[in-house]
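The structure appears right after this line, and notes come after that.
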Amino acid sequence: MINRKKYFSVSILSALVLISLFAFAYKTSILKDDVVIPASLSNISKSGNDFILKYKGQALKLYTIEQENQNREKWTLSQFDEVEKGTENGIDFQFKKDFNGTLIYGLYGDEPMEHPIAVYFKRHEKIEQGKASINIRKKLSGKYDLANWEKHKKGRLAYRVLDDKNNIIINKSISFVVDKEFKIVPDLVWGPFLSKQTTNKITLRFATNQVCSPVVMVNNKNYELKEGKYHEITISNLEAGKSYEYKLQIGDITHSYKLTTAPNADNESKFTFAFASDSRGGTQLGETNTKGHNADILKKLAALATYKNIKFWQFTGDMIDGYKIDRDEMELEYTNWLTSISPFMHSTPLNVGMGNHEILMNTFGNPKNYMSVDGFPYDTRSGESVFAKYFANPNNGPESEDGSKYDPNKNTIDFPSYKENVYSYTYGNVAIIVMHSNYWYTPNHRIIPQIGGNPHGYVMDNQLEWMKNEVAKFEKDKNIQHIFVTIHTPAFPNGGHANNDMWYNGNNEIRPWIAGKAVNKGIIERRDEMLDILVNKSKKFRVLLTGDEHNYSRLVVDKNTDIYPENWKGKKLKLSRPFVQIVDGAAGAPYYAQENLPWTPSLKKFSSQYALVLFNVDGEKIEIEVINPNTLETIEKVEL
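Take the position in the sequence shown, starting the count at 1, then add 4; the result is the number in our numbering.
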């Protein structure tokens with residue numbers, strides 16, 4: 005017979021515990037209590053432990069990671085960090101999440117490979133309650149030992165984690181040594197990637213699965229890196245236009261690749277560079293959505309770019325799905341993206357820019373309503389801060405929008421940093437200016453007057469002034485013949501984003517609001533100011549490289565092109581010469597078809613195929629070659 009008094013007491017205690025846990029889950033904030041709300045935002049305040057947005061009579065609380073964990077299935081990078089353990093017969097996996105799924109795996113072959121990729125085994129293992137095991141001695145020995153681990157007593161294994169619906173969550177690789185037992189040893193997670201390429205130096209960036217102190221060997225010098233998991237080093241005192249073998253030593257494992265410096269500015273040798281954007285996830289299943297990106301197409305693009313012997317690759321925005329509130333989840337998506345292209349990019353510099361999908365948000369109320377702003381504090385929770393952790397771009401852009409005429413407090417930091425997301429670089433006779441049109445981004449432009457922030461597609465004041473100065477600098481540089489400007493959002497959308505980008509269906513009222521006040525210039529006026537600098541104040545500007553629309557298009561804009569809405573009452577820009585806008589948002593994201601817009605008669609080419617744009621630069625001549633990485637069909641080939 006049940007002791008009703010004891011049962012009642014236990015029930016009350018259990019209920020109190022559950023209530024406490026529930027209250028904790030919904031009150032715990034993603035922000036610390038001492039976080040200062042940026043003065044640039046409006047109608048956000050603190051109430052006890054909560055951050056509150058007051059919007060149309062509502063008090064909307066900051067949406068917490070704990071709430072999100074209860075409302076949807078979520079995967080983060082930390083759930084897969086150091087989860088492998090060697091055993092007598094192979095490797096055990098203890099993931100930091102209780103789930104059922106599938107583990108696919110395979111070895112890297114013991115053979116010379118410029119772009120090493122593992123071959124998956126014909127069988128797989130079950131993941132049950134977050135645990136799995138691979139018996140390497142039994143299943144990957146003999147005729148299946150393509151790594152020759154039995155002979156060399158070491159090997160490298162790739163594995164893929166699928167959830168119970170067969171979604172790909174992560175691809176990883178680990179290295180092991182074998183004695184009586186298998187032992188996991190430090191090695192690469194992704195990289196090394198090359199960036200910041202100049203005539204006499206270049207930067208390497210990579211990540212390892214364990215804390216270690218790698219050594220980079222190049223040009224008869226050894227460079228020992230600091231202990232850690234994320235590593236970056238700049239190799240200096242190199243010769244212009246020269247290739248070097250470099251070796252990366254991680255413990256007893258050595259990787260060998262090559263790097264090449266940029267040529268001297270007066271070098272007139274022909275070269276090719278590549279451009280693409282928008283590789284975020286496609287369909288729900290398979291490699292087309294490898295937790296954040298379309299790995300199927302991205303790998304084909306990287307392989308094609310490498311095959312074409314490009315000198316560098318510019319990728320401008322929407323690499324991943326993004327739009328996250330949990331930084332750990334976003335870091336998983338970046339890790340997956342870098343892992344996919346790592347085999348192809350050890351010797352080719354990669355330069356990346358930001359798009360709208362790179363946002364890490366602070367969200368208020370129901371997340372489906374997008375009451376969100378760029379995450380603050382800006383040094384740890386903004387999209388810009390996460391981006392800077394994973395990519396080593398030149399640090400020669402403006403500081404931030406602090407100090408602009410709209411800055412509400414000159415003594416505090418009220419905007420994110422432009423560090424490594426707005427920058428410029430040169431290669432031979434070409435200068436590339438990388439812009440950021442989703443800086444300090446508020447995704448729902450309708451709430452900007454109430455909360456503050458920058459709409460999709462708008463270039464803010466300090467960044468525009470910096471671009472103006474960069475253009476003037478390159479105009480004076482006798483060695484620069486061509487200026488390319490790349491920005492995620494088209495000045496003139498053609499298929500998929502007529503409702504925003506730098507057009508908003510012709511609505512010039514769209515603009516940033518700072519500390520409760522609208523800036524003077526609307527989105528179309530700001531577009532015109534940017535084009536006035538590029539076209540009318542520069543003779544060297546050639547092409548505006550953009551993405552956002554998931555297709556390829558080439559638009560030639562001149563003084564006769566209709567670029568305004570009906571009944572436009574503002575000042576009209578008079579272009580002194582034609583220029584080309586290229587959209588290549590066809591790196592794997594779901595397609596958009598063509599739309600009809602005022603400038604459509606000036607559209608020279610439109611395709612919804614996946615595409616890589618190659619620029620063949622030969623002195624004063626520029627030829628573009630656009631290729632579908634799936635079929636290797638040439639979409640178009642034309643001289644600009």
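Idealized CB from N, CA, C, for every residue including glycine.
*Is E553 helix, strand or coil when you go by DSSP?*
coil
*Assign K423 to buried or exposed, taking buried as 16 or more other Cβ atoms, counted over all protein chains shown, within 10 Å of its Cβ.*
K423 comes out buried.
*asked:* Checking the sheet assignment: what are the DSSP bridge partners for E624?
replied: The partner list for E624 (beta bridge, DSSP) is empty, contrary to what the question assumes.
*Can the beta-carbon of E533 be found closer than 9 angstroms to that of P497?*
Here E533 is not near P497, since their CB atoms are 9 angstroms or more apart.
*Could you give the distance in angstroms between the alpha-carbon of D418 and the alpha-carbon of P42?*
If you draw a straight line from the Cα of D418 to the Cα of P42, it is about 5 angstroms long.
*asked:* Along the chain, where does the alpha helix (DSSP H) containing I639 start, and where does it finish?
replied: Run containing I639: none in the alpha helix (DSSP H); it sits in the beta strand (DSSP E), 638–643.
*asked:* According to DSSP, simplified to helix, strand and coil, what is S18?
replied: Note that S18 scores a pLDDT of 40, beneath 50, so its modelled location is shaky and nothing firm can be said.
*Locate the beta strand (DSSP E) running through K251, then write down its first and last residues.*
247–254
*In chain order, what residues of the same chain lie with their CB nearer than 8 angstroms to the CB of H128, ignoring the 5 residues before and after it?*
T106, L107, I108, Y109
*Helix, strand or coil for Y431 per DSSP?*
strand
*Sequence-distant residues of its chain with Cβ nearer than 6 angstroms to D648 (five each side left out)*: There is simply no residue 648 to check, as the chain begins at 5 and stops at 644 in what is shown.
*Per DSSP, I586 forms a beta bridge with which residues?*
L549, R558
_N226 versus N355 - alpha carbon distance_ = 26 angstroms
*Considering only residues of the stretch 270–324, which uninterrupted beta strand (DSSP E) runs meet the minimum length of 3 residues and lie entirely inside it, listed in chain order?*
275–280, 317–320
*Distance CB(N223)-CB(L198) smaller than 9 angstroms*: no
*Taking the continuous beta strand (DSSP E) assigned at F488, which residues delimit it?*
486–490
_Can you tell me whether S145 is buried or exposed? The criterion is at least 16 other CB atoms within 10 Å of its CB, across all chains shown._
exposed
*Could you give the distance in angstroms between the alpha-carbon of T352 and the alpha-carbon of Y261?*
Whole-angstrom Cα-Cα distance: 10 angstroms.
*When we look at the beta-carbon of D38 and count the other beta-carbons within 10 Å, is it buried (16 or more) or exposed?*
exposed
*Just checking my contact of Q133 with D102 at CB under 8 angstroms: how many whole Å lie between their CB atoms?*
5 angstroms
*How big is the Cα-Cα spacing for S492 and P447?*
The amino acid at residue 492 is misidentified as Ser; the sequence shows His. Distance between the alpha carbons of H492 and P447 is about 15 angstroms.
_Per DSSP, cross-strand counterpart(s) of S49_ = I56
*Based on the DSSP output, what are the partners of T264 in its beta bridges?*
Assignment of beta-bridge partners to T264 by DSSP yields S247.
*Residues bridged to N355 by DSSP?*
Q318
*Measure the C-alpha to C-alpha separation of Y429 and S281 and round it to an integer number of angstroms.*
18 angstroms
*Is M334 helix, strand or coil when you go by DSSP?*
helix
*Going straight from the alpha carbon of K246 to that of F395, what length do you get?*
24 angstroms
*Report back the beta-carbon spacing between F545 and V489 to the nearest angstrom; my notes put them in contact at under 8 angstroms.*
7 angstroms
*Can you give the Cα-Cα distance for E333 and I586, rounded to whole angstroms?*
32 angstroms
*Measure the alpha-carbon distance for N620 versus H460 and round it to whole angstroms.*
31 angstroms
_Residues of its chain near A597, where Cβ-Cβ distance is below 7 angstroms and the 5 sequence neighbours each way are ignored_ = G499, S612
*Does the stretch 230–239 come within contact of the stretch 198–217, defined as at least 3 CB pairs closer than 8 angstroms?*
yes
*Leaving aside the five residues before and after D406 along the sequence, list all residues of the same chain whose C-beta is less than 7 angstroms from its C-beta, in chain order.*
I417, D418, F419
*Return the first residue and the last residue of the beta strand (DSSP E) that F125 is part of.*
Secondary structure note for F125: its beta strand (DSSP E) is the uninterrupted segment 123–131.
*In whole angstroms, what is the alpha-carbon distance linking M439 and F180?*
42 angstroms
*In terms of alpha-carbon separation, which member of D270, G159, A306 lies closest to T346?*
The sequence shown places Ser at residue 346, rather than the Thr named in the question. Comparing Cα-Cα distances from S346 to each of D270, G159, A306, the minimum goes to A306.
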